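Protein chains in written order, with the working numbering: chain A, 84 to 336; chain B, 84 to 336; chain C, 84 to 336; chain D, 84 to 336; chain E, 84 to 336; chain F, 84 to 336; chain G, 84 to 336; chain H, 84 to 336. All residues carry an ideal CB built from backbone N, CA and C; glycine is no exception. Note that the structure is predicted; figures quoted are calculated from it, not measured. Structure, as structure tokens:
Number of protein chains: 8
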Amino acid sequence: MRLKEILEAVAEGSLPPEKAEGLLQSGEVRYLDGLAVLDAGRAVRKGVPEVVYAGAKTPEQVARICAALVEPGRRVIVSAASEEHEAALREALPGIPVRRSGRALVAGTGEPQPTGGRIGAVCAGTSDIPALEEAVAVAREMGAETRSFYDVGVAGLHRLEQPLRELRAFDPDCLIVAAGMEGALPTVISALVDVPVIGLPTSAGYGLGGDGTAAILGMLQTCSPGLAVVNVDNGVGAGATAALIANRAARRE
Amino acid sequence: MRLKEILEAVAEGSLPPEKAEGLLQSGEVRYLDGLAVLDAGRAVRKGVPEVVYAGAKTPEQVARICAALVEPGRRVIVSAASEEHEAALREALPGIPVRRSGRALVAGTGEPQPTGGRIGAVCAGTSDIPALEEAVAVAREMGAETRSFYDVGVAGLHRLEQPLRELRAFDPDCLIVAAGMEGALPTVISALVDVPVIGLPTSAGYGLGGDGTAAILGMLQTCSPGLAVVNVDNGVGAGATAALIANRAARRE
Amino acid sequence: MRLKEILEAVAEGSLPPEKAEGLLQSGEVRYLDGLAVLDAGRAVRKGVPEVVYAGAKTPEQVARICAALVEPGRRVIVSAASEEHEAALREALPGIPVRRSGRALVAGTGEPQPTGGRIGAVCAGTSDIPALEEAVAVAREMGAETRSFYDVGVAGLHRLEQPLRELRAFDPDCLIVAAGMEGALPTVISALVDVPVIGLPTSAGYGLGGDGTAAILGMLQTCSPGLAVVNVDNGVGAGATAALIANRAARRE
Amino acid sequence: MRLKEILEAVAEGSLPPEKAEGLLQSGEVRYLDGLAVLDAGRAVRKGVPEVVYAGAKTPEQVARICAALVEPGRRVIVSAASEEHEAALREALPGIPVRRSGRALVAGTGEPQPTGGRIGAVCAGTSDIPALEEAVAVAREMGAETRSFYDVGVAGLHRLEQPLRELRAFDPDCLIVAAGMEGALPTVISALVDVPVIGLPTSAGYGLGGDGTAAILGMLQTCSPGLAVVNVDNGVGAGATAALIANRAARRE
Amino acid sequence: MRLKEILEAVAEGSLPPEKAEGLLQSGEVRYLDGLAVLDAGRAVRKGVPEVVYAGAKTPEQVARICAALVEPGRRVIVSAASEEHEAALREALPGIPVRRSGRALVAGTGEPQPTGGRIGAVCAGTSDIPALEEAVAVAREMGAETRSFYDVGVAGLHRLEQPLRELRAFDPDCLIVAAGMEGALPTVISALVDVPVIGLPTSAGYGLGGDGTAAILGMLQTCSPGLAVVNVDNGVGAGATAALIANRAARRE
Amino acid sequence: MRLKEILEAVAEGSLPPEKAEGLLQSGEVRYLDGLAVLDAGRAVRKGVPEVVYAGAKTPEQVARICAALVEPGRRVIVSAASEEHEAALREALPGIPVRRSGRALVAGTGEPQPTGGRIGAVCAGTSDIPALEEAVAVAREMGAETRSFYDVGVAGLHRLEQPLRELRAFDPDCLIVAAGMEGALPTVISALVDVPVIGLPTSAGYGLGGDGTAAILGMLQTCSPGLAVVNVDNGVGAGATAALIANRAARRE
Amino acid sequence: MRLKEILEAVAEGSLPPEKAEGLLQSGEVRYLDGLAVLDAGRAVRKGVPEVVYAGAKTPEQVARICAALVEPGRRVIVSAASEEHEAALREALPGIPVRRSGRALVAGTGEPQPTGGRIGAVCAGTSDIPALEEAVAVAREMGAETRSFYDVGVAGLHRLEQPLRELRAFDPDCLIVAAGMEGALPTVISALVDVPVIGLPTSAGYGLGGDGTAAILGMLQTCSPGLAVVNVDNGVGAGATAALIANRAARRE
Amino acid sequence: MRLKEILEAVAEGSLPPEKAEGLLQSGEVRYLDGLAVLDAGRAVRKGVPEVVYAGAKTPEQVARICAALVEPGRRVIVSAASEEHEAALREALPGIPVRRSGRALVAGTGEPQPTGGRIGAVCAGTSDIPALEEAVAVAREMGAETRSFYDVGVAGLHRLEQPLRELRAFDPDCLIVAAGMEGALPTVISALVDVPVIGLPTSAGYGLGGDGTAAILGMLQTCSPGLAVVNVDNGVGAGATAALIANRAARRE
């Protein structure tokens, strides 16, 4: 049972308000035998869609969970999905569109309801794109409009100018800036804009600190106030936080 | 020269628009002989006020910088200020109000211009208050309205109910949640609200990981999407990010 | 020679008590050529059954050790067992029941002797189940009664209510609470119960601290006294400690 | 309002049972202006007494909090108390007994109600005594009977024999074993007893890993199932967990 | 050209002493095209045989180097050798004995010249045997007599008695004690003997610190003076150091 | 005896060339009873002047060493010197100029011989100046010409323009770029110039990684080839390396 | 459009100087659909050639990028290239020379333009050769002349003499010294030469610190001023920095 | 009762051999009220004298323990002793010689009984002397003859020649080599001698890894077999191990 149906049932008088409140607060839990206990209430409470974390699951498990989740006109997100996960998913969901967005897959039909929130998505290097696009997939499913800019490295600052100009024209409510290696781009950009920036460190690096440690420490040590950080490669967290920011701003409009 | 003066000069025709643009983009740098180079342009670009980080400065240095910065009707923030910093500041600024807000001091007269942004500020234990109130001081100087709740520990979840009820009535644009030790409170609260949460880990802890490492790792590992993090005890960063979020939301209103 | 046989021999008069004491105290060591030296005395001394740690052994080695250990009416536990270990074990022990319990396998016939001790077993997410069920397998083989609750995440605290109610009705002597990521669940639960809690951190996480470091540091930093911790994914340690607690309590009854 | 008063009020009929239940479950919070928010309900819920952590507080703050807490026939525990804390406390509480127990102080009159639980307390070196005796103070205030053994180092195993013999005669429900440096003693003892052991690592060490890291890692890596661990120098956690174990066992008697 | 040949040549008068000295001090370097530069002088200077570290080499590389090194009546040691290395070696050296000794292989004919030095080799668990036997292989090739004792765990101290008695009868010049997990055995044994102990930490462990970190930190933190340590799994270092100790002692006889 | 004197003695015929070669290669060691063994040869071999590291010495020790070293027309550098070191030095060397240069002191008369090498010195924030100026002091004593630029933060990239323009006009042989916090400035600058950059991370930071770890990891992870790094706050190393680079370039002129 | 073409166009008058300046400063970006955004301007600005980092790319991606980059008379460098990368590259570029240089591949025709800069390249052990030769490949493509010396270990210092003598004859502008394990060689060599040394730590090691951590820390802790460091296995960074040093020196000639 | 007295009593017949054996094996424990439990048996068992670790004790505690321990003709060692410890000790023991040896103090009369064992003691820098001389004090009290060499840095290898020549003439049974910073000296020396080397890392360093971490990791990563290590600044461990080696060698003579 979903928010809209709950509210409609209240409107119809078939559901007493206090019971509806209970449903909304406690969530609705769906059990998928032995595989997962899904907190359908979270989508209602937070506006964050259900995300299946493929990292620690076999392709078969992911395919089975998604098959149980997908409904007409709705989509499910699979994060940290390998090519094997994708193949299993496509096989398990014949006829249903499966779209890759960086490390994530979006399976299902229909389109998210636009909220009016706007998010700029920027990354430093080619290898940061998968994490960034996972964030973008989550943000878009939460109804935010996104615009992406790739390969805006600090090693060539002149390349910042055009994206910044386009970003200012887009007038985003917040930015997601992904970077690996020394992770300096979010700091550099944050100093040039007046909206909040979500730093998304990635595991693209080498040698000492190359697993994302240098990048996340650099972002945490930023000398530019207005930058907050999610964990290494956590595109889901970056996208969800950014969309909450943007959607809140749009709600007040 | 400040934003308002710049804009007025443009309006008066005494300053060509293109020159004003240059001023706004490049900032206006004030040199304080041998002590600091102040980027007055940042306040204009980002809406983040000048903050004097007392952590690595002597009381005399802080007092001298603030004396140079304070102007009638304006305030300067001193972060990570010890009692010695405070005493030197009060002595250097006779007749000027100096107010302590956790780890921060706010010196000067007048009040910030309200933006309409609203921020809820919550902390887990008594020892998290100084970092939280530093964040609150920065957010208030950026024009946001704040409401604080102390000692909302996860070791007594029943204590969450009343603050959450009051927070929902306040309808904030985002939350700052400070916690040391295991740092679980931001995750717990983030799961129960639909606005973005800025996690502010503090160095209140003991033994292995007790310098804030456990707290920040816990927040970075959150299982609740919608939580982004600043560095340990970084009240300035938390307050500035939260105010950027809230002010952006208010701007779209 | 086992405890019962020893005691019977004492009762029969065929074994002098002082010699029996020596046997019981020093243990009886069985050599398995080149593979392992088994301390059969530990089961007698501590009431902890023999556990074969499969982590660093080939499927063939595990199968061979278990084949040597299994006796009618008894069971052996294999911890950290992969699917390959399981297959080899089933092939090596035709006709003997092999049951998977999370990361562990229990091979053999018969049932453990109930002690009357009671243990509640709770975990935060789906991916914590394998470690938790390994703990449960060890505790059950030590004679304790267990009851398991899955997916009791801190990101949805309302889900805590029903398990807590059921746990209180079960009246356990202690709890095992498994969690990965930020590892907050043991702290949250420990604050709500008046029995000791064994925190079992798991390696389910991502990015910085995602190998279980964030989870174990969080549990060690707990703000709720009454929580002690075992190492990451150490289901055997959690189960054995919990069973020692519960069995001790039952013994005093 | 305290448990006894609550129960008496219920018995008198002046407090409805359901309201009493609410009080007991939610706790009763006492505010100490600007210093602390005390969760008096925790003592009721968990049987763990109020502990004032002196680590991050000035002597004056500790003295003031204790003065507010002490009542006739009751005691308050101050953990991690320096000599300065002790002096301030004695000055603030004239005529009230203040007893040092390792890192802790116990201030107040009367004696805890014995529960019948029994705890053996063992430490490896002289410098582990303060953490151990802090644990003992907490356990004794929770009503458990304790017996302490000092300087039972693994570098002289023969010294283990007499304490172990005395411990077996004492028949404890669990053991607290404190050790710094390589932290091996809890493992060695755990292998020789059939009750649960709480490992209490201390910061007594030197060089690499000498801040308690080697000790806690060693205990977490124990090869002896039945040992759970608290954080470095966390005497309060060790004492509370041990007392919960012992009191639970005594309750079933 | 080897030490004996050099000395003989000097004795014969065919080699001037000063040239011999140069040879002995500077070593004799043999180049193996593109694969390795062998410092044959080290064997002469230090009495440590040439060891081929297989860890970072392909089976083919190892086989080729050994084929170049093996001479009648001499042996070469391959450390950290996998089964693939072993297979390639046996194939490359048909008719030449290849003996596995833990992680090491010893290929070649003949026997080392006994020096009279004696080394006791002890390990804690089954999984420590490979590192210990690698040490033993090196020590034996350096002419020392060794005696090994397995599975002497601290979790069953009674098992220490018989090995210690046998060790005292053997009267070794030093001991190698290998242990993983909490690494306590070297400390325990060092406290009971009056010869130097070389601690050999192994990577047999689990969870936090389970890669040998807990073991090596524990040995470095030892409370028993007379214990020195080599790196994790460094059997070659342990064996060479122990043999230098024992051979020195034997030389003074 | 110094290089010039050695060469003069050779020229005069009073010192045979082969003996001079020995002196130059082996250095000339001056013993300062119980305090230090000075390698006067290093100045000759490397062109790096004698530097007294004050970090681990008392003011009296530093003063005494310098008093022994100072000669007319020469200077000695004291690195990591506190105010107490400076006071003791001034008292011990009456009439001799002592000049502070960041963390360093330069005591003595005369001026270094210019080599023609040119070094640009840039730092990110006010608190990076002491480390940078220590580097500058060393470089200047090695004969290089330096030019310093302070407060060139990445949080205000427009501030880069003027220094870069001036630097290009200065045409340096290499740059020293000091930065704390996220340490991004060396990467940003390195991408814009065609001379080698020496990154000098400083311990100016806060929270996790704030002791210089974030800064040094960031510089090591640089995405801009052409940047090499010295240790945190190691102004001496940065200055010496930069001067070797610049002096080498000037030598080839 | 390349530097030469730009300059020719300026010379021809077909390109105004100010426009050329813009091109040179801002770079010329070539997009390779979905794979990479190439900053062709960097080669112009810094003199560092385009390097394709194969570490995080599939063989197919690397082959495709190189196929797009290679032009007659030019070469592209592939760093961190596996055998699979090499095979794919050779297949994708039939008829074009592909040369392996340690971890790197150099594909293309023609030879770099000599600059007159000279670099000595030294490594400690066989397993350091791949990183060193990657550095050499980059330096040679930047026009520097290089001379390599392998297996110059500190465990056999006599082996230093001949390479040092040859190096002095070669008269390099700087040295690259690669070492794994304890990483002492760069310090030892730096103390004996008067040119700057770039330390290149490698991941050749074992046990604690064996991933290059011990090597890089050792180089950063060097007691020999004049040594700067790049990250573990970062041959590209070492080669580019060394070539910038050498080419700068040659430019001043 | 001491070894000699025990043996004499056995010789006299006043002590049965089996009782003497028990005394020797179990040690004789002396209690010092509330301060320490002294294992006098260790001196008998291991030949390692009683060492009072001053690191965690007040000057008064150290003075009191030593006053209880000192007997005519015997000495006690105080390790890690500050100047305050020394002053208190001299005041508490009037008329008794107190000699400083690096970080250690030796208090008492008489001289140790020479064993004939010989130890070479070498350190890299001035700041390594205190740890080295602590080791020397322990070794000398165990009866070994020692010879010390200071300031034998790897940054000036020519300085190695003379000490090595003198060391070879001295013909030691083993070497102690102390070094901080990059810790390379033990590796360099170990490669040049044929006796075992005990590496003693010190906390003399700076920046990342400067607390002795770089030094100890470097020694553990040594490429020269025959080097074993004790913890940072652990002079007692180094001296005791070296003396056990040397005394064992002398015993076999």
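Along the chain, which unbroken stretches of the alpha helix (DSSP H) at least 4 residues long are found entirely within the segment 224-269 of chain C? 241-253
For aspartate 254 (chain B), does the count of other Cβ atoms within 10 angstroms reach 16, so buried, or fall short, so exposed?
exposed
>> Looking at the strands, I want to know which residues DSSP matches up with serine 162 (chain H).
In response: H:Tyr136
If you measure from the beta carbon of lysine 87 (chain C) to each beta carbon in chain B, is any gap under 7 Å?
In this predicted model, lysine 87 (chain C) has a pLDDT of only 47, less than 50, meaning its place in the structure is not dependable enough to derive any value.
* Can you pull the DSSP bridge partners for glycine 203 (chain F)? -> F:Arg230 and F:Leu258
- Local Cβ density within 10 Å of glutamine 304 (chain H), reported as buried at 16 or more and exposed below that: Its Cβ being crowded by 16 or more others within 10 Å, glutamine 304 (chain H) is buried.
Exercise for review: Decide if glutamine 108 (chain F) is buried, meaning its Cβ has at least 16 other Cβ atoms within 10 Å, or exposed.
Suggested key: Low confidence applies to glutamine 108 (chain F): its pLDDT is 44, below 50, so where it sits in the model is not reliable enough to give any reading.
- Limits of the unbroken alpha helix (DSSP H) element including proline 300 (chain F): The identity of residue 300 (chain F) in the sequence shown is leucine, whereas the question assumes proline. Run containing leucine 300 (chain F): 296-303, per the alpha helix (DSSP H) assignment.
### Query
Is DSSP giving leucine 118 (chain F) helix, strand or coil here?
Bear in mind that the predicted position of leucine 118 (chain F) carries a pLDDT of just 48, short of 50, making it too unreliable to give a figure here.
Cβ closer than 9 Å: which chain B residues qualify as neighbours of aspartate 316 (chain D)?
Tyr289 and Gly290
| task | Please say whether threonine 229 (chain C) and alanine 222 (chain C) have beta carbons closer to each other than 7 Å? | result | yes
Can you check whether the C-beta of alanine 222 (chain H) is within less than 7 Å of a C-beta belonging to chain E? Answer no: the Cβ-Cβ gap between alanine 222 (chain H) and chain E never drops below 7 Å.
Could you tell me which of A:Tyr289, A:Ala311 and A:Gly301 sits nearest to valine 278 (chain A), measuring between CA atoms?
A:Ala311
(message) If distances are taken between C-alpha atoms only, which option among B:Leu268, B:Gly226, B:Ala187 and B:Gly156 comes closest to proline 246 (chain B)?
(response) For proline 246 (chain B), the nearest C-alpha among the options comes from B:Leu268.
Member of F:Leu172, F:Ile328 and F:Gly293 whose CA lies at the smallest distance from the CA of glutamate 257 (chain G): Note that residue 257 (chain G) is cysteine in the sequence shown here, rather than glutamate. Cysteine 257 (chain G) has its Cα closest to that of F:Ile328, out of F:Leu172, F:Ile328 and F:Gly293.
Practice item. With DSSP collapsed to three states, give me the class of glycine 282 (chain B). Key: In the structure shown, glycine 282 (chain B) sits in a strand (DSSP, three-state: E or B).
Review point. Counting pairs of Cβ atoms below 8 Å between the segment 284-300 of chain D and the segment 276-296 of chain B, do you hit three or more?
Key: yes
(message) If you reduce the DSSP assignment to three classes, tell me which class valine 313 (chain E) lands in.
(response) coil
* **Assigned secondary structure, alanine 187 (chain G) (DSSP; H/G/I helix, E/B strand, else coil)** => strand
| query | Nearest-angstrom Cα distance between alanine 150 (chain H) and glutamine 144 (chain H)? | reply | The alpha-carbon atoms of alanine 150 (chain H) and glutamine 144 (chain H) are separated by roughly 10 Å.
| request: Could you confirm whether any beta carbon from chain F is found closer than 7 Å to the beta carbon of alanine 375 (chain B)? | output: Chain B is shown only over 84 to 336; residue 375 (chain B) falls outside these bounds and no answer can be derived.
query = If you measure from the beta carbon of valine 153 (chain G) to each beta carbon in chain F, is any gap under 7 Å?
reply = no
Discussion item. Taking a contact to mean a Cβ-Cβ separation below 7 Å, would you say serine 307 (chain E) touches serine 286 (chain E) in this structure?
Written reply: no
CA-CA distance, glycine 320 (chain F) and arginine 331 (chain G)? 20 Å
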